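Written below as C-alpha cells is the structure these notes are about.
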Amino acid sequence: MGAIAAVPLLGLANDRLGGVTLLVALFLLWWRNPWPRSGRVVASVAAMALFGAVLPEQPADTPARAANAEAAKPPTRPSRFPTASPATPEATMPTVPDFTGDSLDVAFPKSRRKGFTVIYHDASDQKRVVTARSLWKVCFQGTNGSSEEPIVDFGVVRREEPCPEAEGTTVPWQKMPDVLGLTWRAAVPKVTAAGVPDDDVHAEAAYLNDTLPREGEYDGWRVCRQDPASGGSLTDEVYVVSLALSSPDHGCPAPDRGRDAYLPDRDDDGDPDYLDPYPRDRNRTRLYPNGIPGGSGGSGGSGDGGHICRHTRWC
Numbered sequence: 011m012g013a014i015a016a017v018p019l020l021g022l023a024n025d026r027l028g029g030v031t032l033l034v035a036l037f038l039l040w041w042r043n044p045w046p047r048s049g050r051v052v053a054s055v056a057a058m059a060l061f062g063a064v065l066p067e068q069p070a071d072t073p074a075r076a077a078n079a080e081a082a083k084p085p086t087r088p089s090r091f092p093t094a095s096p097a098t099p100e101a102t103m104p105t106v107p108d109f110t111g112d113s114l115d116v117a118f119p120k121s122r123r124k125g126f127t128v129i130y131h132d133a134s135d136q137k138r139v140v141t142a143r144s145l146w147k148v149c150f151q152g153t154n155g156s157s158e159e160p161i162v163d164f165g166v167v168r169r170e171e172p173c174p175e176a177e178g179t180t181v182p183w184q185k186m187p188d189v190l191g192l193t194w195r196a197a198v199p200k201v202t203a204a205g206v207p208d209d210d211v212h213a214e215a216a217y218l219n220d221t222l223p224r225e226g227e228y229d230g231w232r233v234c235r236q237d238p239a240s241g242g243s244l245t246d247e248v249y250v251v252s253l254a255l256s257s258p259d260h261g262c263p264a265p266d267r268g269r270d271a272y273l274p275d276r277d278d279d280g281d282p283d284y285l286d287p288y289p290r291d292r293n294r295t296r297l298y299p300n301g302i303p304g305g306s307g308g309s310g311g312s313g314d315g316g317h318i319c320r321h322t323r324w325c
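Using the numbering used here, the first residue of the sequence shown is number 11, and each one after it goes up by one.
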C-alpha cells in the first residue's frame, strides 16, 4: 500500500521515476499478495490514475519534433516543366500635372521636381525663340522619353496671346467689331466684348475743330471713324481703340476727307460756329470773350455774310 502512495509523490518529482515506482507497486500488488482479486484490480486502477494525474502536459510540438517531421517527408520529385519565376513589375512613366494656361515659369520647376527633362517651343506658326519663361504660358504639353529619362515638351505662346486651336497654327486674336454709326453708349460694350479693356477705348472728335463735351455728355454722339478698322486683329500691339465721334446735329465728315475735316467756322477763329458765341468776330472766342490779346479787334465776317465751310457735308 505504501508503494501505491509513493507513485504520485515520485511522479510529481520526475515522470520517469514515477513510472518505475508504478511498475514496482503493481508487481508487489499482484505477487503473492493475500488481497482478494477485486481489491487488487481496484488498487491497480487507482495507482495508474494517480500517476496519470500528476504527469505534466505534453507540448503540442517542439522544434525537434518539427525538424524530425520535416526530415521524414519524402523528397519532392522534380517537375518536367520549368517553374515560372515571379514577374518583375514594369517601370512606368511618371505623370506630370496639366499645366495648360499656367506660366511656363511655374510649369518648368514643378516638372523638373517630378524628374522630367523640360523642353519647350513656340506653339504658334511664328516659330519664335522662347526666352524669359515668365513671359510665356503653356498651351499644349506632351511626354516622351523613357521611364528612366522622361521628357515633357511644352507648346507655349506669349502670356497675353490666346492659345492656337492646334500646334503650329495662327494665334486666334479677337477681331475689331464694326461700330460705325453706333452711339458711343452702344459701341463701347461691343468693343470691350472683343477683349479690349474699357480704359483702352478712347473717344475723340471726328472734326479737327470740334471739341468733345465732358464725359457722359457725348453718350449719344455717333461713331464716324474707328481705329482699328472693322475686322482688324486686336493684337497685343493694339494699345488703344479710338472712336471718332460727332454730334447727331452735325453728322459725320465726308468719307473722302478722312481725318482732315472741319465744321463750319465763319470767322475762321478755330471755334466752330455752333460753339462760337461770336461767329462773326474773329477777335473774340470762347476762351477770349473780350478779345484775343494783341488782336486787331475788328470783325472777321464779310459784308455779304459769307463764311468758311471746309470739308463737311454742309458745303
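For every residue, glycine included, the Cβ atom is placed at its ideal position computed from N, Cα and C.
This structure is a prediction, so every number in the text was calculated from the model and none was measured.
- A straight-line Cα-Cα distance of about 11 Å links Asn300 and Tyr288.
- Contact check for Arg169 and Lys147: beta-carbon distance about 5 Å, within the 8 Å limit, so the pair qualifies.
- His260 is classed as buried because its beta carbon has at least 16 other beta carbons within 10 Å across all chains shown.
- With at least 16 other beta carbons inside 10 angstroms of its own, Asn293 counts as buried.
- Taking C-beta atoms as the reference points, Gly241 and Lys185 count as a pair closer than 7 Å.
- When secondary structure is reduced to three states using DSSP, Asp135 falls in the coil class, being assigned neither helix nor strand.
- The criterion of a C-beta distance shorter than 7 Å is not satisfied by Phe150 and Glu171.
- The beta carbon of Thr179 sits closer than 8 Å to the beta carbons of Ser134, Asp135 from its chain, once the five residues preceding and following it are set aside; these are given in chain order.
- Look at Leu273 here: in three-state DSSP terms it is coil, with no helix or strand label.
- Under DSSP, Ala213 shares a beta bridge with Leu253.
- Rounded to the nearest angstrom, the Cβ distance from Thr110 to Trp183 is 19 Å, too far for a contact under 8 Å.
- A contact is defined here as three or more CB-CB pairs under 8 Å, and the segment 210 to 221 meets this definition with respect to the segment 267 to 277.
- Residue state for Asp115 is assigned as helix, using DSSP reduced to three classes.
- Shown here, Arg47 sits in a helix according to DSSP, grouped into three states.
- Taking the CA atoms as reference points, Ser257 sits about 7 Å from Arg232.
- In this chain, the beta strand (DSSP E) harbouring Arg232 covers 232 to 237.
- Rounded to the nearest whole angstrom, the C-alpha separation of Ala264 and Ser144 is 48 Å.
- Judged by DSSP secondary structure, Thr153 falls outside any alpha helix (DSSP H) and instead within the beta strand (DSSP E) spanning 146 to 155.
- DSSP places Pro199 inside the alpha helix (DSSP H), whose first and last residues are 194 to 203.
- Secondary structure at Asp266: helix, using DSSP grouped into helix, strand and coil.
- When DSSP reads this structure, Ser243 sits in a beta bridge with Lys185.
- Judged by DSSP secondary structure, Gly165 falls within the beta strand (DSSP E) whose first and last residues are 160 to 168.
- Contact between Val106 and Phe118 does not hold, since the beta-carbon distance rounds to 11 Å and is not under 8 Å.
- Ala215 and Leu255 do touch by the CB rule: their CB atoms are close to 7 Å apart, below 8 Å.
- Proximity to Val139 across Gly125, Val162, Val167 peaks at Val167, based on C-alpha coordinates.
- Between Ala197 and Leu253, the C-beta spacing is below 7 Å.
- Nearest C-alpha to Ser156 among Val206, Arg123, Thr102, Asp115: Thr102.
- Taking each of Trp194, Pro174, Val248 in turn and checking the Cα distance to Pro207, the smallest one comes out for Val248.
- At least 7 Å separates the beta-carbon of Val250 from that of Asp209.
- 7 Å or more divides the Cβ of Asp266 from the Cβ of Arg276.
- Under a 10 Å Cβ-count criterion, Ser121 is classified as buried, with 16 or more other Cβ atoms of the shown protein chains found around its own Cβ.
- Cβ contact annotation for Pro174 (same chain, cutoff 8 Å, sequence separation greater than five): Ala133, Ser134, Asp135, Cys149, Val167, Thr180, Val181, Pro182, in chain order.
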